[in-house]
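Each remark here refers to the structure printed beneath this line.
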Amino acid sequence: MRRPLWILIVSAGVCVGLTLGFRQALGLFLTPISLDMEIGREMFALSLGLMNLFWGLTAPIAGLVADRLGAGRVAAAGGLCYAAGLVAFTFSGDGDQLILGGIFIGCGLSGAGFSVVLGVVGRAAPEDKRGAALGAVAMGGSIGQFVALPYTYAFLEGYGWTVSLFVLAITTLLIVPAAWGLSGKPAQDDGADHQSIAQALSEASRSWSFWLLNIGFFACGFHLAFITVHFPAYIADQGFEPWLATASLTALGICNIFGSYGCGVLGDKFPKKYVLSFMYLGRAAIFAGFLLLPISEVTVIAFGALMGFLWIGTVPLTSALVATMFGTSYLSMLFGLVFFGHQIGSFLGAWLAGHFYDLLGSYDVVWWLSVAIGLISAALHWPIEERPVQRLAVAKAPP
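This is the structure:
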């Protein structure tokens, strides 16, 4: 049964809100877990880096299963896996348990996260409204981030990190009923009913634009993982109280609500590749400005707010670009492959920051690396050919 688009958007938004919200909140646990377990920041950062890497590794597989069998069961399984990973964190006695928990959470994110649920909505939405529909789902993720941070901070301050992680695990199980709205086998369209998986992969791999999109998306993952994992600790290192980092990330979440939807709408009105290029340029400028200006409570909050407008608005635009170029029949799988580039960036952003901090006692190298990566990504998106591949162009041509 084909459900109305609004049900798909709401269900997808809830799934993304829970998965991304609690993923962003995990950075609040870096300092207490590292201190209590006496393991240094690199080990916890490595566990979250592996979380992001396994998210990327398993995203194409989860996307393929969702494209063939439907997203509902995949998202529900992802929610269960995510909760299991948080429980593993709860009972961590050493670094090995943290690593295991990170891997489970990563696999859960691949099932209930962007690559699966955006494929459902992107397939159902009209082409001229696809960017706005995908932006609405991303907006759900933004609301989740806005709510999850103070929710997590309140439990962390009141009950400690062990109880807080268990509460997050229980809350994550809400993904399972939300996945019902995504159930059902997807319909095939775009004139690609007879295209095989191998043909879809071959077609994408021959496209330079596909590789430019993949490599360029690396920057988004690097930025997101570095900030979500290390920003609270960085602000504490500057001598500020923990509430300031939480307030900054909450401001990021609020502005992200508007930024995610707004970027999707802009992608329907202007070439998506140019919108993405300017977004990465904007990120580089914000990073540089934050480093060059004297740090204060005002600049910390302003950094979060400005980054929020450019935070995950890249995701609906990138997904919509994949749909424009290759159609929607294998959208979840192909976006999952592009998302793998994002997650390589996430792994390095989380792990390298912890590595350099333990090595040098500072995050400065990674801050400036974030500026450079943003500039490179902006340049990579500019020459992307934003048009359907020949197969789709022929199928859509009038007889």
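In the working numbering, the protein residues as written are 3 to 401.
Virtual Cβ for every residue (Gly too), placed ideally from N, Cα, C.
Given the structure is predicted, the values throughout are model-derived calculations rather than measurements.
* C-alpha gap between A78 and S379, whole angstroms -> 34 Å
* Asked: Are the segment 14 to 27 and the segment 137 to 151 touching, with three or more C-beta to C-beta distances below 8 Å?
  -> Segments in contact, yes.
* Asked: Taking DSSP as the reference, what is the three-state secondary structure of T230?
  -> helix
* Spatial neighbours of P34 within its chain, please: CB distance less than 6 Å, with the 5 preceding and 5 following residues excluded, ordered by chain position. => Residues W163 of the same chain have their beta carbon placed closer than 6 Å to that of P34, with the five preceding and five following residues left out of the count.
* N- and C-terminal bounds of the alpha helix (DSSP H) containing K274 -> K274 to L294
* Taking the alpha carbon of F31 as the point to measure from, which residue in S13, Y84 and L88 has its own alpha carbon closest? -> L88
* Asked: Can you tell which of H357, W384, W370 and V367 has the C-alpha that lies nearest to the C-alpha of L402?
  -> Here the chain comprises residues numbered 3 to 401, so residue 402 is not present and cannot be evaluated.
* Nearest neighbour of Y365, chosen from L339, E388 and A352 [CA to CA] -> Here the closest residue by C-alpha is A352.
* To do: State yes or no: is the C-beta of F46 within less than 7 Å of the C-beta of S36?
  => yes
* **Selection from W245, K275, L175 and I346 that minimises the alpha carbon distance to E299** => W245
* **Backbone secondary structure at V178 - three-state DSSP** => helix
* **Local Cβ density within 10 Å of R389, reported as buried at 16 or more and exposed below that** => Result: exposed.
* Asked: Using a Cβ-Cβ cut-off of 7 Å (strictly less than) and excluding sequence neighbours within five positions of V340, which residues of its own chain qualify?
  -> L215, N216, F219, T320 and V324
* Measure the beta-carbon distance from S112 to A61 and round it to whole angstroms, keeping in mind my assumption that it falls under 8 Å. => 4 Å
* **Under the three-state DSSP convention, the category E159 falls into** => helix
* Asked: From which residue to which residue does the alpha helix (DSSP H) around P244 run?
  -> P244 to K271
* To do: Could you say if the segment 113 to 130 and the segment 240 to 254 meet the contact criterion of at least three C-beta pairs nearer than 8 Å?
  => no
* Asked: Can you tell me where the alpha helix (DSSP H) with A355 in it begins and where it stops?
  -> L333 to L362
* By Cβ distance below 6 Å, which residues in the same chain neighbour I107 in space, the five residues on each side in sequence not counted? -> M53, Y84 and G87
* Asked: Is it true that the CB of I303 sits closer than 7 Å to the CB of S250?
  -> yes
* To do: Give the C-beta separation of G103 and I177 to the nearest angstrom, bearing in mind that I take them to be a contact with Cβ-Cβ under 8 Å.
  => Not quite, the Cβ-Cβ distance comes to about 17 Å (not below 8 Å), so this is no contact.
* Are three or more beta carbon pairs between the segment 280 to 294 and the segment 326 to 338 nearer than 8 Å? -> Flag = no, the segment 280 to 294 and the segment 326 to 338 do not touch.
* Taking only the alpha-carbon atoms, compute the straight-line gap between S185 and I105 and give it to the nearest angstrom. => Near 26 Å, if we compare the C-alpha coordinates of I105 and S185.
* Asked: Beta-carbon separation of G347 and A286 under 7 Å?
  -> no
* **Spatial neighbours of S404 in its chain, beta-carbon cut-off 8 Å, leaving aside the 5 residues before and after** => Outside the displayed span of the chain (3 to 401) sits residue 404, for which this structure offers no information.
* Leaving out the 5 sequence neighbours to the left and right, which residues in its chain are closer than 6 Å to F116 when beta-carbon positions are compared? -> Here the set comprises V317.
* **First and last residue of the uninterrupted alpha helix (DSSP H) at T330** => T330: not part of any alpha helix (DSSP H); DSSP gives it neither H nor E.
* Asked: Does at least one heavy atom of the ligand FAD sit under 6 Å from the Cβ of A64?
  -> Looking for the ligand FAD in the displayed structure turns up nothing, as the structure carries no ligands at all.
* Test item: CB-CB of A247 and F233 under 7 Å -> yes
* Cβ-based neighbour list, Q26, same chain, cut-off 6 Å, excluding 5 preceding and 5 following -> Q147 and T230
* When we look at the beta-carbon of Q201 and count the other beta-carbons within 10 Å, is it buried (16 or more) or exposed? -> exposed
* Given a threshold of 16 other Cβ atoms within 10 Å of its Cβ, counted over all protein chains shown, does W8 qualify as buried or as exposed? -> exposed
* **Y365: first and last residue of the uninterrupted alpha helix (DSSP H) it sits in** => Run containing Y365: none; DSSP gives neither H nor E here.
* Asked: What does a CB cutoff of less than 8 Å around T154 pick up in its chain, not counting 5 residues either side in sequence?
  -> Excluding five sequence positions before and after T154, the CB atoms of its chain that fall closer than 8 Å to its own CB belong to F24, A27, L30, S166 and L170, given in chain order.
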